[in-house]
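To start, the structure itself, in structure tokens.
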Amino acid sequence: MANGTVQIVCPRCDGLNRVPEARLGEGPRCGHCHAPLFEGRPLALSEERFRRHLRHSGIPLLVDFWASWCGPCRAMAPEFEAAARALEPRMRLVKVSTEEAPALAAELGISSIPTLSLFAGGQEVARQAGAMPANRIVAWASRVAPPAAGAAADRRTGAA
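Written as structure tokens, this is what we have:
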């Protein structure tokens, strides 16, 4: 984050956008394709798109690693969608199919599904295996997410 801005990857065209941190909740749109930057639902990402979002996102990325044959994964899908409505724009929620991205799942050591992983600054900061209801997903992600860069700067300088 620089000068109170956050880099957001467009969910539609994957274009990079700088958004003033204070305006994240005001329905920002992509400067390239004009799509909303936040849609209130998880994004389904391929391995390539996951890596782009991970590399360039200025907000935490909460990833649901899942598979179509997994009953608990299917049961958690609407809960994860509800969590997206609660957590955006503080973080981006995405789904990665371990069937479609097995090399990525192996690289990250995903050994059970569903698994939620929280990434910030391109690094995994927390992981939780097992299905959860939306309220527990929101509580867990909020608890383990690093503070927003602006909030951290305010604490360092004593600003309110």
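Per full-length UniProt numbering, residue 1 is the first one in the sequence shown, and the count goes up by one each step. We put the beta carbon where it would ideally sit given N, CA and C, even for glycine.
Under 8 Å between C-beta atoms of residue i and residue j
i: residue 21; j: residue 4; result: yes
i: residue 42; j: residue 84; result: yes
i: residue 113; j: residue 67; result: yes
i: residue 24; j: residue 89; result: yes
i: residue 70; j: residue 33; result: no
Cβ shell of residue i (< 7 Å), same chain only, five flanking positions each side left out
i: residue 99; result: 67 and 68
i: residue 18; result: 5 and 7
i: residue 156; result: Here the model assigns residue 156 a pLDDT of 30, short of 50, so the residue's position is not dependable and the matter cannot be decided.
i: residue 75; result: 131
Residues near residue i by beta carbon distance below 6 Å, same chain, minus five either side
i: residue 125; result: 118
i: residue 14; result: 52
Buried versus exposed, by CB contacts within 10 Å (16 or more), residue i
i: residue 58; result: buried
i: residue 97; result: buried
i: residue 48; result: exposed
i: residue 26; result: exposed
i: residue 152; result: Low confidence applies to residue 152: its pLDDT is 37, below 50, so where it sits in the model is not reliable, and the reading given next is rough at best. Looking at its Cβ environment, which holds fewer than 16 other Cβ atoms inside 10 Å, residue 152 is exposed.
N- and C-terminal bounds of the beta strand (DSSP E) containing residue i
i: residue 81; result: First-last for residue 81: 71-87, but that is the alpha helix (DSSP H), not the beta strand (DSSP E).
i: residue 20; result: 16-20
Quick one: complete alpha helix (DSSP H) runs, 4+ long, within the UniProt domain "Thioredoxin" (24-146)? 47-56, 71-87, 102-108 and 134-144
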